[in-house]
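Student: Just passing along the structure, written as structure tokens.
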Amino acid sequence: MGLRFAYVLAALGLWGCGGMQDPESPAVEEREVQAQACTPALAATKVKDILPPDAPLPSPFRPIPTGLTNVQGTLYFSADPYQGPAALWRSDGTPAGTVPFKVFPVEGLTFREFGSFTAVGSRLFFTMNDPVVGAELWVTDGTAAGTRLVKDITPGRESSALSYLTSLGGALSFFRTTASGMELWRSNGTDAGTYRVFVFGPEESMASPTLRTHGALLFFLQDAVHGTRLWRTDGTGAGTRVVKRLDAGQPPVTAARSSYTGLGLFTLLDEGNNTEVWRTDGTAAGTVRLDTFGKGVQLLGSTGPYVVVAARTADNEHLKLYRLRLAGDGKATVTTLPNPFEGQPSIEPYVQDSQESGGKVYFSEGISSPGPAARQVSLWVTDGTAGGTRQLSLRLTTSDIRSSPLFDTGAGTLLFSSGDGDMGILPQVTNGTAAGTGTVTTSSPGGGGNPEEFTRVGDTIFFRGYSGVHGDALWSVPVNVTCTPLSARR
Numbered sequence: 165m166g167l168r169f170a171y172v173l174a175a176l177g178l179w180g181c182g183g184m185q186d187p188e189s190p191a192v193e194e195r196e197v198q199a200q201a202c203t204p205a206l207a208a209t210k211v212k213d214i215l216p217p218d219a220p221l222p223s224p225f226r227p228i229p230t231g232l233t234n235v236q237g238t239l240y241f242s243a244d245p246y247q248g249p250a251a252l253w254r255s256d257g258t259p260a261g262t263v264p265f266k267v268f269p270v271e272g273l274t275f276r277e278f279g280s281f282t283a284v285g286s287r288l289f290f291t292m293n294d295p296v297v298g299a300e301l302w303v304t305d306g307t308a309a310g311t312r313l314v315k316d317i318t319p320g321r322e323s324s325a326l327s328y329l330t331s332l333g334g335a336l337s338f339f340r341t342t343a344s345g346m347e348l349w350r351s352n353g354t355d356a357g358t359y360r361v362f363v364f365g366p367e368e369s370m371a372s373p374t375l376r377t378h379g380a381l382l383f384f385l386q387d388a389v390h391g392t393r394l395w396r397t398d399g400t401g402a403g404t405r406v407v408k409r410l411d412a413g414q415p416p417v418t419a420a421r422s423s424y425t426g427l428g429l430f431t432l433l434d435e436g437n438n439t440e441v442w443r444t445d446g447t448a449a450g451t452v453r454l455d456t457f458g459k460g461v462q463l464l465g466s467t468g469p470y471v472v473v474a475a476r477t478a479d480n481e482h483l484k485l486y487r488l489r490l491a492g493d494g495k496a497t498v499t500t501l502p503n504p505f506e507g508q509p510s511i512e513p514y515v516q517d518s519q520e521s522g523g524k525v526y527f528s529e530g531i532s533s534p535g536p537a538a539r540q541v542s543l544w545v546t547d548g549t550a551g552g553t554r555q556l557s558l559r560l561t562t563s564d565i566r567s568s569p570l571f572d573t574g575a576g577t578l579l580f581s582s583g584d585g586d587m588g589i590l591p592q593v594t595n596g597t598a599a600g601t602g603t604v605t606t607s608s609p610g611g612g613g614n615p616e617e618f619t620r621v622g623d624t625i626f627f628r629g630y631s632g633v634h635g636d637a638l639w640s641v642p643v644n645v646t647c648t649p650l651s652a653r654r
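So the number in our numbering is just where the residue sits in the sequence shown, counting from 1, plus 164.
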């Protein structure tokens, strides 16, 4: 879903009043943020309305469509209405080619609870609730006949607790949590080919999140005996092993992400509110602590030779950006961001989301308020230098139940959502400059609003957005969408 609670909680929970003293005033001045209309020929197009005109609108916490996933050039997604027939859909990007291929009857269930959509080759694995076997692992090849239960791992109606479904080595790998501990499983999509490959210690628990690098899945396990250890797996028992012990205790793993370099980046927060920033290539020698901050910091991403992180200043009213060299030879201040609400109550800034794209790091900065919603959420970009740090949009959604997604198109641009065009929250595109940032026009007036779940399939990016008729619809936009500065405004 669109809301990214992890970033918000990390920001609010880690950045308290303590930490290093930071007397600097903001180094970045407020900039005029421009919004342009993008070339109509590269507009977002409504592919198809998914909800019938008389269907009840779904909860924003259970949107329709959802689970958008690329399976070898075909889009798959699900529709799971309240106490209604649920369905799996596929789309080739045309209205006629966007169809449900498997419908599941209600059978007394409130929801089917589709989840963990993971493409492995030409098939889609997923978890789903069923009245006979509970929530278990399923697979589909995009046809009704080829959609089936893989295995009733926990026999009977009791559900299996499955997590971190990952494509590794042409098969599916996943974790199962039981009363006895945690297990690693592997599946080729058949009952006989779905089996346990590794059993972890009974006291070990996984510290989220995981990351992918060099063809392996890296994850963190913690217990009172071994502390915090980094593990890796290629999906086999022989290829599952400890990489390195990171800490004697069990500090929270506050962030982890794969960088454009192929390296993994992660942060640990100790009891003294000190944040360690690490990089890893999945080997013991290549897992290195880059530096330590005497306060909570948020990992943003990597750009050029740098890792960029953000932290609140001592007055809790500004975000300060730092950079660390991936080579590990020290950190430096980049700049301090302005806060337009200085002097008002409850104005703590926090990082809502971040994304690497086109060699730059983009991030959304929220400014808190006395209520549940943010006062303001803005989009920033940085290349790890003060001169290359700029504000691109002031009007990302301030909703307390969703956030504006940031999506790397893979074509050197970023898709996001913003209300800069005075027509509601619409898809926007940016190349990291003010002149190249603007609204993506839509094929129908009032449609495409509140876009979420951007998903690339070939040269097309699909997303869920307001249909302009009833509920949400499936939309698409070309990967090479760019902004032509037809008009400029504040």
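We treat Cβ as the ideally placed atom computed from N, Cα and C, and that holds for glycine. Here the structure is a predicted model, which means the values were calculated and not measured.
1. Are there 16 or more other CB atoms within 10 angstroms of the CB of Cys647, so buried, or fewer, so exposed?
2. On the CB-based measure, 16 or more other CB atoms within 10 Å of its CB, does Ile565 come out buried or exposed?
3. Tell me the DSSP secondary structure of Asp455 in three-state form.
4. Does the Cβ of Gln200 have 16 or more other Cβ atoms within 10 Å, making it buried, or fewer, making it exposed?
5. Roughly how many whole angstroms lie between the Cα atoms of Pro222 and Arg453?
6. Does the count of Cβ pairs from the stretch 507-515 and the stretch 562-576 closer than 8 angstroms reach three?
7. Nearest-angstrom Cα distance between Glu617 and Lys495?
8. Here's a check: name, in chain order, each residue in its chain whose Cβ is nearer than 6 angstroms to the Cβ of Phe268, leaving out the five neighbours to either side.
9. Gly248: which of Leu232, Pro264 and Leu273 sits nearest, CA to CA?
10. Based on DSSP bridge pairs, tell me the residues matched to Pro591.
11. At what residues does the beta strand (DSSP E) containing Glu616 begin and finish?
12. What is the rounded straight-line gap between the Cα of Leu570 and the Cα of Gly596?
13. With burial defined as no fewer than 16 other Cβ atoms inside 10 Å of the residue's Cβ, what is the status of Asp547: buried or exposed?
14. Count the other C-beta atoms from every protein chain shown that fall within 10 angstroms of the C-beta of Ala170, then say buried if there are 16 or more, exposed otherwise.
15. Quick one: give me the first and last residue of the beta strand (DSSP E) that Phe627 is part of.
16. Classify Thr646 as helix, strand or coil using the three-state DSSP reduction.
17. Leaving out the 5 sequence neighbours to the left and right, which residues in its chain are closer than 8 angstroms to Tyr246 when beta-carbon positions are compared?
18. What whole-angstrom Cβ distance do Gly353 and Arg287 have, given they're in contact under 8 angstroms?
19. Whose C-alpha, out of Leu432, Thr619 and Val643, is nearest the C-alpha of Phe241?
20. Using only alpha-carbon positions, find the residue among Asp316, Ser607, Lys315 and Met346 that is nearest to Tyr328.
21. Can at least three beta-carbon pairs, one atom from the stretch 367-381 and one from the stretch 299-319, be found at a separation below 8 angstroms?
22. For Thr203, does the three-state DSSP call read helix, strand or coil?
23. Give me the DSSP bridge partner(s) of Gly298.
24. Which residue wins for smallest C-alpha separation from Gly333, given the options Thr549, Lys484 and Gly403?
25. Taking Cβ to Cβ, would you say Ala475 is nearer than 8 angstroms to Val461?
26. Going by other Cβ atoms of all chains shown within 10 Å of its Cβ, with 16 needed for buried, is Ser466 buried or exposed?
27. Just the Cα atoms here: how many angstroms apart are Tyr526 and Val545?
28. Please determine, among Gly552, Gly523 and Gln516, the residue with the shortest C-alpha to C-alpha distance to Ala537.
29. What do you get for Met587, buried or exposed, if any count of 16 or more other CB atoms within 10 angstroms of its CB means buried?
30. Considering just the uninterrupted stretch of the beta strand (DSSP E) at Leu336, what are its terminal residues?
31. If you follow the beta strand (DSSP E) that Asp213 is part of, which residue opens it and which one closes it?
32. Give me the Cα-Cα distance between Ala598 and Lys484, rounded to the nearest whole angstrom.
33. Determine the closest residue to Ala208 out of Ser607, Val633 and Gly613, with distance taken between C-alpha atoms.
Tutor: Concretely, from the data shown:
1. Numbered from its first residue, the sequence shown carries residue 647 at position 483. In this structure Cys647 is buried. Its beta-carbon is surrounded by 16 or more other beta-carbon atoms within 10 angstroms.
2. As a working mapping, residue 565 is identified with position 401 in the sequence shown. Exposed, because fewer than 16 other Cβ atoms sit within 10 Å of the Cβ of Ile565.
3. Taking the sequence shown and counting its residues from 1, the one referred to as residue 455 is at position 291. Asp455 carries a strand assignment under DSSP once its states are collapsed to helix, strand and coil.
4. Position 36 of the sequence shown, counted from the start, is the residue given in the question as residue 200. Per-residue confidence for Gln200 stands at a pLDDT of 45, beneath the threshold of 50, marking its modelled position as unreliable; no derived number is given.
5. Residue 222 sits at position 58 when you count from the first residue of the sequence shown. Residue 453 sits at position 289 when you count from the first residue of the sequence shown. Pro222 and Arg453: Cα-Cα distance of roughly 45 angstroms.
6. Proximity of the stretch 507-515 to the stretch 562-576 falls short of the contact definition, fewer than three beta-carbon pairs being nearer than 8 angstroms.
7. By one-based count along the sequence shown, residue 617 stands at place 453. By one-based count along the sequence shown, residue 495 stands at place 331. One alpha carbon belongs to Glu617, the other to Lys495, and they sit about 35 angstroms apart.
8. Here residue 268 refers to the residue found at position 104 when the sequence shown is read from its first residue. Here Phe268 has Ala250 and Arg276 as same chain residues with Cβ atoms under 6 angstroms from its own Cβ, once five neighbours each way along the sequence are excluded.
9. Working through the sequence shown from its first residue, we reach residue 248 at position 84. The option with the nearest alpha carbon to Gly248 is Leu273.
10. The residue given as residue 591 occupies position 427 in the sequence shown. The bridge partners DSSP lists for Pro591 are Ser581.
11. As a first step, residue 616 is located in the sequence shown; it is residue number 452 there, counting from the start. Per DSSP, Glu616 belongs to the beta strand (DSSP E) from Glu616 to Val621.
12. In the sequence shown, counting from the first residue as 1, residue 570 sits at position 406. In the sequence shown, counting from the first residue as 1, residue 596 sits at position 432. Roughly 13 angstroms between the two C-alpha positions.
13. In the sequence shown, the residue the question calls residue 547 occupies position 383. Counting Cβ neighbours within 10 Å, Asp547 comes out buried, since at least 16 surround it.
14. The residue given as residue 170 occupies position 6 in the sequence shown. Residue placement at Ala170 is flagged as unreliable, the pLDDT there being 37, under the threshold of 50; the coordinate-derived value follows with that caveat. Ala170 comes out exposed.
15. By 1-based counting over the sequence shown, the position of residue 627 is 463. Start and end: Thr624 to Tyr630.
16. Taking the first residue of the sequence shown as 1, we reach residue 646 at position 482. Coil at Thr646, not helix or strand.
17. If you number the sequence shown from 1, residue 246 lands on position 82. A distance below 8 angstroms between beta-carbons, with the five flanking residues on each side excluded, links Tyr246 to the following residues of its chain, in chain order: Pro220, Pro222, Ser223, Arg226, Thr274 and Phe275.
18. In the sequence shown, the residue the question calls residue 353 occupies position 189. In the sequence shown, the residue the question calls residue 287 occupies position 123. Between Arg287 and Gly353 the Cβ distance is about 6 angstroms, and since that is below 8 angstroms, they are a contact.
19. Position 77 of the sequence shown, counted from the first residue, corresponds to residue 241. Measuring from the Cα of Phe241, the nearest candidate turns out to be Thr619.
20. Mapped onto the sequence shown, residue 328 falls at position 164. Measuring from the Cα of Tyr328, the nearest candidate turns out to be Met346.
21. Three or more Cβ pairs closer than 8 angstroms define a contact, and the stretch 367-381 falls short of that threshold against the stretch 299-319.
22. Within the sequence shown, residue 203 is the residue found at index 39, counting from 1. Legend: pLDDT at Thr203 = 48, less than 50; position of this residue unreliable, no value from coordinates given.
23. Translated into positions along the sequence shown, residue 298 becomes position 134. In the DSSP output, where bridge partners are listed per residue, Gly298 has Asp294.
24. Here residue 333 corresponds to residue number 169 of the sequence shown, with the count starting at 1. Nearest neighbour of Gly333 by Cα position, chosen from Thr549, Lys484 and Gly403, turns out to be Gly403.
25. The residue given as residue 475 occupies position 311 in the sequence shown. The residue given as residue 461 occupies position 297 in the sequence shown. Their beta carbons are under 8 angstroms apart, which means Ala475 touches Val461 by this criterion.
26. Taking the first residue of the sequence shown as position 1, residue 466 is located at position 302. Per the 10 Å Cβ criterion, buried.
27. For the purposes of this step, residue 526 is taken as the residue at position 362 of the sequence shown. For the purposes of this step, residue 545 is taken as the residue at position 381 of the sequence shown. Rounded to whole angstroms, the separation of the alpha carbons of Val545 and Tyr526 is 4 angstroms.
28. Here residue 537 refers to the residue found at position 373 when the sequence shown is read from its first residue. Minimum Cα-Cα distance from Ala537 among the listed residues Gly552, Gly523 and Gln516 corresponds to Gln516.
29. Reading the sequence shown from its first residue, position 423 is the one you call residue 587. Exposed, by the Cβ-count rule.
30. Locating residue 336 in the sequence shown gives position 172, where the first residue counts as 1. Counted as a single uninterrupted DSSP element, the beta strand (DSSP E) harbouring Leu336 occupies residues Ala335 to Thr342.
31. On the sequence shown, residue 213 is found 49 positions in, with the first residue counted as 1. First-last of the beta strand (DSSP E) with Asp213: Thr209 to Asp213.
32. If you number the sequence shown from 1, residue 598 lands on position 434. If you number the sequence shown from 1, residue 484 lands on position 320. Per the coordinates, the alpha-carbon of Ala598 lies some 22 angstroms from the alpha-carbon of Lys484.
33. Taking the first residue of the sequence shown as position 1, residue 208 is located at position 44. Of Ser607, Val633 and Gly613, the residue nearest in Cα terms is Ser607.
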